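What follows is one structure encoded as structure tokens, with my remarks underneath.
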Amino acid sequence: MKKNISSFIYFGIAAVIAAASYFIFCTNKSVASSNVEKVEQNRFEKDNANQMKVDTFVMLVNKAYGPLATIAKTSSQLNISMTQANQVTKDFFNGNDALLKCNLAKDGFLIQYNETNKSLQAQFVIKNGAVTVPNDVLIKLLDKTENAKKII
Numbered sequence: 085m086k087k088n089i090s091s092f093i094y095f096g097i098a099a100v101i102a103a104a105s106y107f108i109f110c111t112n113k114s115v116a117s118s119n120v121e122k123v124e125q126n127r128f129e130k131d132n133a134n135q136m137k138v139d140t141f142v143m144l145v146n147k148a149y150g151p152l153a154t155i156a157k158t159s160s161q162l163n164i165s166m167t168q169a170n171q172v173t174k175d176f177f178n179g180n181d182a183l184l185k186c187n188l189a190k191d192g193f194l195i196q197y198n199e200t201n202k203s204l205q206a207q208f209v210i211k212n213g214a215v216t217v218p219n220d221v222l223i224k225l226l227d228k229t230e231n232a233k234k235i236i
């Protein structure tokens, strides 16, 4: 009787191992991957930006970059420039080169980066007292104002 029970247990273990092996190695895995949607990296869309009051944005830029950032404001546009700030200029837009492809009329901002001189020119359209701030710019501003006193 003990022989029959141990044989039955060994047979059960072998059946479980065989079933597990089948599901691990033989199932069609292409079904799950065929439903995966490919997402283009670093594409800028309206959902990737926020509206921010001009004075709040200027205060964050001043607090984060100090004298490295020169800010000029007109009634319809905010201009920020940084020169001789080395890597800090690319840091302003979080290194997201997709932001450099945006234009002032369509997206509400224009960021121009000169790799050779490590300089930056950014223009933001002022509309109803607010500017469109890309999330990549906002992330760096908040990071610098929360985690560091000043860059200099």
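Under my numbering, residues 85 to 236 are what the sequence shown spells out, in order. Cβ coordinates follow ideal geometry from the N, Cα and C atoms, glycine included. Fair warning: this is a prediction, and the values are worked out from it, not measured in the lab.
- Ser90 and Ala98 have their C-alpha atoms some 12 Å from each other.
- A check of alpha carbon separations from Asn187 across Asn180, Ile195 and Asp181 identifies Ile195 as the nearest.
- In the structure shown, the three-state DSSP call for Thr158 is coil.
- Contact between Thr154 and Ser165 holds: their C-beta atoms lie close to 5 Å from each other, under 8 Å.
- When DSSP states are grouped into helix, strand and coil, Lys137 belongs to the strand group.
- Contact check for Val221 against Phe177 passes: the beta carbons are separated by less than 7 Å.
- In the structure shown, the three-state DSSP call for Ile101 is helix.
- Comparing alpha carbon positions, the residue from Leu144, Phe107 and Pro218 closest to Asp191 is Pro218.
- Between Ala133 and Thr229, the CB-CB gap reaches or exceeds 7 Å.
- Nearest Cα to Ala214 within the set Gln161, Tyr197 and Ser203: Gln161.
- With a threshold of 16 other beta carbon atoms within 10 Å, Phe193 meets it and is buried.
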